[in-house]
Amino acid sequence: MPETISQTGAREERKLVPGPILLLGAPGSGKGTQAKELMALWGIPQISTGDLFRANIEGGTELGRKVQAVMDRGELVSDELVNDMVEDRLKRPDIGAGYILDGFPRTLVQAAWVDGHLASGTGTLPVVAVNIKVSYNQLLRRITGRRSCTVCGTIYNIYLQPPKVDGFCDLEGTPLVRRRDDTEEVFEKRMREYDALTAPVVEHYRAQGRFAEVDGEETVEVVTAAVVQAVARLRGQE
Ligand code: AMP
Numbered sequence: 001m002p003e004t005i006s007q008t009g010a011r012e013e014r015k016l017v018p019g020p021i022l023l024l025g026a027p028g029s030g031k032g033t034q035a036k037e038l039m040a041l042w043g044i045p046q047i048s049t050g051d052l053f054r055a056n057i058e059g060g061t062e063l064g065r066k067v068q069a070v071m072d073r074g075e076l077v078s079d080e081l082v083n084d085m086v087e088d089r090l091k092r093p094d095i096g097a098g099y100i101l102d103g104f105p106r107t108l109v110q111a112a113w114v115d116g117h118l119a120s121g122t123g124t125l126p127v128v129a130v131n132i133k134v135s136y137n138q139l140l141r142r143i144t145g146r147r148s149c150t151v152c153g154t155i156y157n158i159y160l161q162p163p164k165v166d167g168f169c170d171l172e173g174t175p176l177v178r179r180r181d182d183t184e185e186v187f188e189k190r191m192r193e194y195d196a197l198t199a200p201v202v203e204h205y206r207a208q209g210r211f212a213e214v215d216g217e218e219t220v221e222v223v224t225a226a227v228v229q230a231v232a233r234l235r236g237q238e
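All residue numbers for the sequence shown refer to the numbering used here, where the first residue is 1 and numbers rise by one.
Below, the structure written as structure tokens:
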């Protein structure tokens, strides 16, 4: 955390005001894991469009019924539905000190919406974007091995980070589940969507500045530290 020297000469910790952060990266790059770490560190909410859609599916809402088949195929939900859902979520009062957009924007149309709606206004910090880079083979192993606990949300990986007892959560003892779209076949479709529609979003923010890239193949702690450092630098608070 950055430090300043006060008038009395004492070292004071200057608290970082994170503001809105876009976490970019392919499926399995660790956006959700990192968003949770940052949420705990900074006390700002994680807004994951994938999680919001899954909650709608579980809750049996009209939106959930509309998006279920699209998600199962590994395709992207229409920009209009996603943008409206995010707009709605951003009306909640918990976003004052900032928030982490995880999995949004994923198309240039969504990015244009972000640039229009979240542009810097009075008292609003501009968005900063951090791209988490991971190689294709590592993404494939992370996605096909991913299992999670429906009770506490802990994420395991049967190849990389298995639970102590095969198929059960270490903390809750309850059966682990696999996301319906975490099969190899759907992963390939999600990657094609990523390359065609989301990779240009990364280039869009790279060209705009207020952009950083971190190596997502390091440990969770190392990646978190790199993201924190990048955000501090982009906010001019390093
Ligand atoms: P995620 O949990 O981020 O991997 O998202 C799971 C699925 O939700 C994606 O494969 C899409 O079908 C849908 N989805 C999530 N975020 C978006 C978005 N920003 N735009 C379009 N579809 C999305």
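Built from N, CA and C at the ideal position, the CB exists for glycine as well.
| request: Go through the region 51–125 residue by residue and report every complete run of the alpha helix (DSSP H) that reaches 4 residues or more, in order. | output: 62–73, 79–89, 108–117
| query | Going by the beta-carbon positions, is the gap between residue 104 and residue 127 smaller than 8 angstroms? | reply | Not a contact, by the Cβ cut-off of 8 angstroms.
| request: Could you spell out the range, first to last residue, of the alpha helix (DSSP H) harbouring residue 208? | output: Its alpha helix (DSSP H) spans residues 199–208.
| Taking three-plus beta-carbon pairs below 8 angstroms as touching, is the region 179–192 in contact with the region 63–82? | Touching, yes.
| query | Measuring from the CB of residue 293, is there a heavy atom of ligand 1 at a distance below 7 angstroms? | reply | For the chain, the structure presents residues 1 to 238; residue 293 sits outside this window and is missing.
| field | C-alpha distance - residue 143 paired with residue 161, whole-angstrom precision | value | 12 angstroms
| request: Please go through the same chain and pick out, in chain order, the residues whose beta-carbon is closer than 6 angstroms to the beta-carbon of residue 190, but skip the five residues on each side of it. | output: Take residue 190, set aside five residues on each side of it, and the residues of its chain with a beta-carbon closer than 6 angstroms to its own are 27, 74, in chain order.
| Under 8 angstroms between the Cβ atoms of residue 132 and residue 223? | Contact check for residue 132 against residue 223 passes: the beta carbons are separated by less than 8 angstroms.
| Among 65, 111, 135, 15, the one whose alpha carbon lies nearest that of residue 200 | 111
| query | Which residues in the same chain as residue 175 place their Cβ atom closer than 7 angstroms to its Cβ, once the five residues preceding and following it in sequence are excluded? | reply | So the list reads 167, 168, once near-sequence residues are dropped.
| field | N-terminal and C-terminal residue of the beta strand (DSSP E) that residue 156 is part of | value | 155–157
| Starting from residue 212 and walking both ways along the beta strand (DSSP E), at which residues does that stretch end? | Run containing residue 212: 211–215, per the beta strand (DSSP E) assignment.
| ligand 1 heavy atoms versus the CB of residue 181: any closer than 7 angstroms? | yes
| request: Kindly indicate which residue of 220, 236, 36 has the alpha-carbon position closest to the one of residue 102. | output: Ranking the options by Cα distance to residue 102, first place goes to 36.
| task | Return helix, strand or coil for residue 189, following the three-state DSSP convention. | result | helix
| message | Is any non-hydrogen atom of ligand 3 found closer than 7 angstroms to the C-beta of residue 48, if you look at the structure I gave you? | response | Ligand 3 is not part of the structure shown, which contains ligand 1 as its ligands.
| Okay, do the region 146–166 and the region 48–66 touch, 3+ Cβ pairs below 8 angstroms being the bar? | no
| query | Is the beta carbon of residue 146 less than 8 angstroms from the beta carbon of residue 157? | reply | Taking 8 angstroms as the cut-off, the beta carbon of residue 146 is found closer than this to the beta carbon of residue 157.
| What's the C-alpha gap between residue 78 and residue 221? | 34 angstroms
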